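Chains as they are written, first to last, in the UniProt record's numbering: chain W, 1 to 278; chain X, 1 to 266. Ideal Cβ positions, reconstructed from N, Cα and C, are used throughout, including at glycine. Bear in mind that the values here come from a model prediction, so they are computed numbers and not experimental data.
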Amino acid sequence: MQENQIVFKNVSFRYQEDQPWVLKNVSFSIQSDEWVAILGHNGSGKSTIAKLMNGLLFPDQGEIFVHGIEVTPETIWDVRAKVGMVFQNPDNQFVGTTVRDDVAFGLENRGVDRLVMIKRIKESLEAVSMEDYLLHEPHRLSGGQKQRVAIAGVLAIQPDLIILDEATAMLDPRGRKEIISTVNNLRVETRVNLVTITHDLNEIVDADRVIVMNEGEVWIETSPRELFAKETELRTIGLDVPFVAKVTNRLKDTVEFSEQPLRQKELIDTLWTFHSQT
Amino acid sequence: MASSLIIGQYVPEESVVHKLDPRTKIVMIFAFVIFVFFANNGWSYLWLTAFSIGAALSTKIKLRYIARGLKPVWFLIVFTFLLHLFVTREGDVLFDIIGFPIYTGALIQGVQISMRFFLLILVTSMLTLTTTPIEITDAIETLLHPLKKVKFPVHELALMMSISLRFIPTLMQETEKISKAQASRGVDFRTGPLKERIQAVVPLLVPLFVSAFKRAEELAMAMEARGYKGGEGRSKLRELEVRARDYLAVVVFILMIVGLFLLRDM
């Protein structure tokens, strides 16, 4: 096993003894420079995976390794030092009274020196373009801005792994766009290990790999391109493909696609080149 | 009512008092509250009043604003004055009001007590007028720090205060949302007999509490995920700093107290 990766080995989990299993014998591994999207509809166990990754929950069976450390009650602080997590509700993860105080929270918890703190707060707020809001209170920010502050708070602790647990689910389309472009920028600049958890296939377009969860089991591990071709199968587990994929899948009989297009531009390019050839 | 009561409201201004270290302010105001009870004659009260009004002027907040904010308290001041005036029976009878004898002792005591009351409220409201709640929280945390030795949860208390401060606007927004939602379903908060209006608050409070608990749970999880494990080994971003102006303020304050004790014997 490599040092720098996340490994789930036959992991099973349930919240209580008398309740059904939320995760059943789940195994997968994620490389340290990958962006992996974990996809699934409500109750598929995808959020549980995120919470298991930094010791907010512990597996009933199986083992979890995060960047070389096994996640157990003894090692949670070592694990949490490496893992930054952004949750769904923008309001309920904002601890500080101002943007600056909130970004500082994670640093204060780790006992980081004050001068280092000020520098890192500045850098991480610049990375999410929120540097002009340093002294704003949370109730004067939009949902998308609050989530960007949450991402800044995670960046400030310089984690090896960032988990976004449905970070866009409660945002309006504009806020969602802000977050997705912020995350894409981060990927370009830092190559940080990224795990995003979502039920929206629009958000997996740029991921390296997708793990689809269904009823507590890994349904499929694949690339976004291949997944978009599986429209009918996805529908059986309650997931819907984006518009671009739908159009492509309808046109497959008439148009020749060298590969499944992910973005609107790819689709349009394929269509006009095909049209000009025929 | 809420807007006219200024106790607990912060007014941003660029004044020396605003820039003082919150600890200096808290300690001085606490001392002032004690020393008010040492005043025993007209001169000493005049001295204290002059000092408080001088301090109020130096905050650069309009006196009219402060006076208007104290409006709800005026009633209490007048009430205590009248109570003492009619109840105390000391000294000579000064005159009668519809059969009620007014004693000189009563007049003196009434004036004294209401003066004290007025001074206490004026000075303590100056703390919140010139200091942000978070500064007060920080000051309380450092001032109570010695109590850690007797296992008093100082850090936890301060964190609780700052989280409450952070969530006040959020919960206010939520209350408004819920009250609109319930009003749209026919709950009437404004009219009807008192009993019904009180009952109408129940469908407002229940969802508010449910969501507040849910928030608390999620917040606790988020805090844990961000590495929070109690006050041990934590550093702090916001730092309090005692500067020259703080020493100066303390010197002025001590001179004032010395003056007070000199005037006491006159």
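- With respect to the 8 Å criterion, Phe28 (chain W) and Leu57 (chain W) are not classified as neighbours on the basis of their beta carbons.
- Between Met130 (chain W) and Val99 (chain W), the CB-CB gap stays under 8 Å.
- Taking all protein chains in view, the Cβ of Leu141 (chain W) is crowded by 16 or more other Cβ atoms within 10 Å, so the residue is classified as buried.
- Boundaries of the alpha helix (DSSP H) around Trp43 (chain X): Gly42 to Ser58.
- Under DSSP, Trp74 (chain X) forms no beta bridge with any residue.
- The shortest CA-to-CA distance from Leu120 (chain X) to any of X:Ile77, X:Val252 and X:Ile178 is the one to X:Ile77.
- Cβ proximity to chain W below 8 Å picks out Ser162 and Ile163 from the segment 141 to 164 of chain X.
- For Asp91 (chain W), at least one C-beta of chain X is nearer than 8 Å to its own C-beta.
- Contact between the segment 213 to 228 of chain W and the segment 184 to 196 of chain W is absent: fewer than three C-beta pairs spanning the two stretches fall below 8 Å.
- Excluding the 5 residues flanking it on each side, Ser44 (chain X) has same chain C-beta neighbours closer than 7 Å at Leu260, Leu263 and Arg264, in chain order.
- The beta carbon of Glu13 (chain X) sits closer than 8 Å to those of Thr59, Lys60, Ile61 and Thr130, all from its chain and outside the five residues before and after it, given in chain order.
- Tyr103 (chain X) is bridged by DSSP to X:Val93.
- Residues Leu204, Pro207 and Leu208 of the same chain have their beta carbon placed closer than 7 Å to that of Ile178 (chain X), with the five preceding and five following residues left out of the count.
- When the beta-carbon positions are compared, Glu178 (chain W) and Arg209 (chain W) stay at least 8 Å from each other.
- Counting the other CB atoms within 10 Å of its CB gives Arg235 (chain W) a total below 16, which places it among the exposed residues.
- Following the DSSP letters along the chain, one finds Asn249 (chain W) inside the alpha helix (DSSP H) bounded by residues Phe243 to Leu251.
- For Glu63 (chain W), the enclosing beta strand (DSSP E) covers residues Gln61 to Val66.
- Beyond the five residues adjoining it in sequence on each side, Arg116 (chain X) comes within less than 6 Å, by CB distance, of Val36 in the same chain, given in chain order.
- Here His145 (chain X) is exposed. Its C-beta has fewer than 16 other C-beta atoms within 10 Å.
- Judged by beta-carbon spacing, Glu266 (chain W) lies beyond the 8 Å limit of Lys246 (chain W), meaning their Cβ atoms are not closer than that value.
- A direct Cα-to-Cα measurement between Lys180 (chain X) and Leu171 (chain X) gives close to 14 Å.
- Using a CB distance cut-off of 8 Å, Arg80 (chain W) counts as an interface residue toward chain X.
- Contact between Val22 (chain W) and Gly45 (chain W) holds: their C-beta atoms lie close to 5 Å from each other, under 8 Å.
- Contact note: Pro159 (chain W) does not reach chain X at a C-beta cutoff of 7 Å; the least C-beta distance is about 10 Å.
- Scanning W:Phe274, W:Asn10 and W:Ile180 for the CA closest to the CA of Glu256 (chain W) turns up W:Phe274.
- As the crow flies, the alpha-carbon of Asn89 (chain W) is around 18 Å from that of His41 (chain W).
- Close to Gly153 (chain W), with beta-carbon spacing below 9 Å, are these residues of chain X in chain order: Arg226.
- Contact with chain W is found for Gln173 (chain X), since one of that chain's Cβ atoms lies less than 8 Å from the residue's Cβ.
- In this structure, Ile38 (chain W) and Met213 (chain W) form a Cβ contact; the two beta carbons are roughly 6 Å apart against a cut-off of 8 Å.
- No Cβ-Cβ contact shorter than 8 Å links Leu237 (chain X) with Glu126 (chain W).
- Under the 10 Å beta carbon count, Tyr228 (chain X) is surrounded by 16 or more other beta carbons and is classified as buried.
- Contacts between Glu126 (chain W) and chain X, judged by CB atoms closer than 8 Å, are missing: the closest CB pair is about 17 Å apart.
- About 4 Å separates the beta carbons of Gly84 (chain W) and Pro159 (chain W), which is inside the 8 Å limit, making them a contact pair.
- For Gln5 (chain W), the secondary structure class from DSSP, reduced to helix, strand or coil, is strand.
- Looking only at W:Gly216, W:Arg250 and W:Thr248, the smallest Cα-Cα distance to Ile237 (chain W) is reached by W:Gly216.
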